[in-house]
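Below is one structure; the comments refer to it alone.
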Amino acid sequence: MTEVDLDHALAVARRALDAAAAAAMKHYDVGVKVETKPDRSPVTAADRESEVAILEVLQSAFPDHSILAEESGKQDKAPHARWIVDPIDGTRGFTRGGKFWGALIALELDGEIVVGAMGLPALGDQYWARKGGGTFKNGVARRVTAIDALEDATVSLGEMGPLLSPPHGPRVTDVVRTAASARCYGDLEGVAMVLDGLADVWLEHGVQPWDLAPTKILLEEAGGRFTTFDGGDSIHLGHAVGSNGLLHDRVLQMISRS
Ligand code: LIP
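The sequence shown finishes on residue 257 if you use numbering that gives the first Met the number 0, and the numbering steps up by one all the way, no holes.
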């Protein structure tokens, strides 16, 4: 694996979260014009300025690293070290004065996510993890729940349209109907529910790599699991099952194609 000091990389990622929060909060407090991207999703000056602020921090610390960022796309440099950036996940909620939005930042080394950071500035919360170092929220270690029966579990759901679409839609419905409870805050709050012990399973579908990149290591370092709907470990396929680990195989059996 490429040599990068992961503690340093994590410190840089957290500095980038702070820069993103400052850039976005300026607009959040006064309101911002909403533009529509070709895929009909909203974007604002806050997304762009947050991304510029994040990239300035990352690139001054790691000028040789590659970048994949939601608003500005790819910058291919080192083939083995890449930062994946979503400057505001939950833009739709942000533009409407919601609280569940913020930056997602991850470092991928040789194809593996080794550092992840997620900020929700309107709530004053930051989550972070690096490989082998545990997951923290605002400096306090996080562990996933110990609930081991889906019938007792709360499921956190992401974007409902893609989750309910064929072919997996009926199987997602089965998971929801089997669980004790289902909640649907979506965006980065979807995984935060599991990290906060408010849910035991998280399902997401129809999203982009930058929507998922840090969630994998945040879950794993909190004792949980992250896979695709098919049980693979990619963050690049647009679907994710996150869990406390104990419920993972049962949920995969219910929703995977095989
Ligand atoms: C959004 C996701 C959402 C999905 C949107 C978009 P953004 O992220 O959180 O679930 O439906 O297409 O990917 O644009 O707010 O970073």
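All C-beta atoms in this analysis are idealised placements derived from N, C-alpha and C, irrespective of residue type, glycine included.
Proximity test, residue i beta-carbon vs the ligand LIP heavy atom, cut-off 6 Å
i: valine 206; result: yes
i: aspartate 88; result: yes
i: glutamate 158; result: yes
i: aspartate 259; result: Residue 259 is absent from the structure shown; the chain starts at 0 and stops at 257.
i: serine 49; result: no
Exposed unless 16 or more other CB atoms sit within 10 angstroms - verdict on residue i
i: glycine 157; result: buried
i: glutamate 55; result: exposed
i: proline 120; result: buried
i: valine 139; result: exposed
i: serine 180; result: exposed
i: lysine 215; result: buried
i: serine 242; result: buried
i: threonine 35; result: exposed
i: valine 29; result: exposed
i: alanine 128; result: buried
i: glutamate 2; result: exposed
i: serine 155; result: buried
i: proline 213; result: buried
Of the residues the options, the one placed nearest residue i, counting alpha carbons only
i: glutamate 111; options: Met253, Ser233, Gly241 and Ser65; result: Ser233
i: aspartate 38; options: Glu2, Gly205, Leu211 and Leu251; result: Gly205
i: histidine 247; options: Trp209, Val193, Leu211 and Pro213; result: Val193
i: serine 40; options: Pro62, Phe93 and Ile53; result: Phe93
i: glutamate 203; options: Arg142, Met24 and Leu251; result: Leu251
i: isoleucine 146; options: Leu245, His235, Tyr27 and Ala19; result: Leu245
i: proline 144; options: Gly189, Gly223, Leu217 and His79; result: Checking the sequence shown, residue 144 turns out to be threonine, not proline. Ranking Gly189, Gly223, Leu217 and His79 by Cα distance to threonine 144 puts Gly223 first.
Backbone CA spacing between residue i and residue j [nearest angstrom]
i: phenylalanine 225; j: histidine 238; result: 10 Å
i: alanine 198; j: threonine 177; result: 14 Å
i: arginine 272; j: threonine 153; result: The first residue shown for the chain is 0 and the last is 257, placing residue 272 beyond what the model contains.
i: valine 240; j: glycine 133; result: 20 Å
i: glycine 230; j: histidine 167; result: 14 Å
i: alanine 273; j: valine 174; result: Because the chain spans 0 through 257 in this model, residue 273 falls outside it and cannot be assessed.
i: alanine 22; j: glycine 101; result: 11 Å
i: lysine 25; j: valine 51; result: 14 Å
i: phenylalanine 61; j: alanine 77; result: 10 Å
i: glutamine 125; j: glutamate 150; result: 31 Å
i: tyrosine 27; j: isoleucine 104; result: 20 Å
i: tyrosine 184; j: leucine 211; result: 15 Å
i: alanine 19; j: alanine 8; result: 16 Å
i: leucine 108; j: methionine 253; result: 32 Å
Residues bridged to residue i [DSSP beta-bridge criterion]
i: aspartate 85; result: Leu103
i: proline 41; result: Thr35
i: lysine 73; result: Leu67
i: leucine 156; result: Leu202
i: tryptophan 124; result: It is aspartate, not tryptophan, that sits at residue 124 in the sequence shown. Its beta-bridge partners are Leu119.
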